[in-house]
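To keep things clear, I will list the structure first and then write my remarks on it.
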Amino acid sequence: MPESRSGVSATFHIGLPAEQFASAFPFHVAIGPDLAVLQVGKSLRRVCPDVRPGVAVEDAFTVERPHVPLSFGSLVKNTGLLWLLVHKASGMQLRGQMSHVPGEEAVLFLGSPWLTDTAAIKAYGLNISDFALHDPVVDLLQLVMSQNAALSDVRKLAAKLSEQRAELREANRRMGSQTSTTQALEHAPTLRAAAPPSCSRCLTPSGGT
């Protein structure tokens, strides 16, 4: 089989059916020469229903990076740069790159949501299953979720310990109060015996002799 320095065989070509490609890249967008959407990944289609074939890219997204004019020629020319698209309706950011489709008048945006915390997943209506298995975002989100779960457990434990300390302080206070009362009662006969005759009546319980 002929080899190429680029790592691509001269006789082997990979051509995924549209549905398989959409599954492998669930947040991709295929863009035509008129800057209209040609195809949308299954996950992006679900969370951003306004992004559909026929819709103008500029109506659905704002290009944050790179700072270049939005034209088909610009997309083709800047395939080696990092692209950051912002979905206008939801504010969700998509981070990825543009790839020109050989032999086709189309450019593919291959990327995924740029998330910094798990709260964004809920805010955008995303699930872990929306991401491709090869997407490193999945590992990052699972790590964050594990850390959040561990932090939640620590907070619950700290709250429980604080509650137990409060209960212990209250128990000690009651015990101290009871001890003082007991000691006072134990010392009462001694006080009566030591008191002058004129005060003994004050220390003698009512009805005593």
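Note that our numbering numbers the sequence shown so that position 45 is 1222, with each residue one more than the last. Cβ atoms here follow ideal geometry from the backbone N, Cα and C, with glycine treated the same way. These figures come from a predicted structure and were not determined experimentally.
Short of 8 Å in beta carbon distance, which residues of its chain neighbour residue i, apart from the five on each side in sequence? Order them along the chain.
i, result
"ALA1195", "GLN1216"
"ALA1237", "VAL1214, CYS1225, ASP1227, VAL1228, HIS1264, LYS1265 and ALA1266"
"LEU1247", "LEU1212, VAL1234, GLU1235 and VAL1240"
"THR1256", "GLN1274, MET1275, SER1276, HIS1277 and VAL1284"
Does the beta-carbon of residue i have 16 or more other beta-carbons within 10 angstroms, so that it is buried, or is it exposed?
i, result
"GLN1197", "exposed"
"HIS1311", "exposed"
"SER1357", "exposed"
"SER1339", "exposed"
My output table needs one value for residue i: the three-state DSSP class, helix, strand or coil.
i, result
"ARG1272", "strand"
"VAL1253", "helix"
Taking residue i as the reference, give the member of the options with the closest Cα.
i, options, result
"VAL1284", "ARG1242, THR1359, ALA1213 and LEU1310", "ALA1213"
"HIS1244", "MET1352, TRP1260, ALA1327 and GLY1250", "TRP1260"
"LEU1271", "SER1354, LEU1292, ARG1350 and ASP1330", "LEU1292"
For residue i, which residues of its own chain have a beta-carbon under 6 Å away from its beta-carbon, when the five flanking residues on both sides are left out?
i, result
"ALA1199", "GLY1218 and LYS1219"
By Cβ distance, which residues of its chain are closer than 7 Å to residue i, with the 5 residues on each side in sequence left out?
i, result
"LEU1252", "ILE1208, MET1275 and VAL1284"
"ASN1304", "none"
Any heavy atom of the ligand FMN within a distance shorter than 8 Å of the CB on residue i?
i, result
"LEU1320", "In terms of ligand content, the structure shown is empty, and the ligand FMN therefore cannot be addressed."
Whole runs of the beta strand (DSSP E) within the region 1258-1339, excluding any shorter than 3 residues: 1260-1264, 1270-1277 and 1284-1290
For the region 1188-1232, which segments carrying the alpha helix (DSSP H) assignment without a break, of at least 4 residues, lie completely within its bounds, in sequence order? 1195-1201 and 1219-1224
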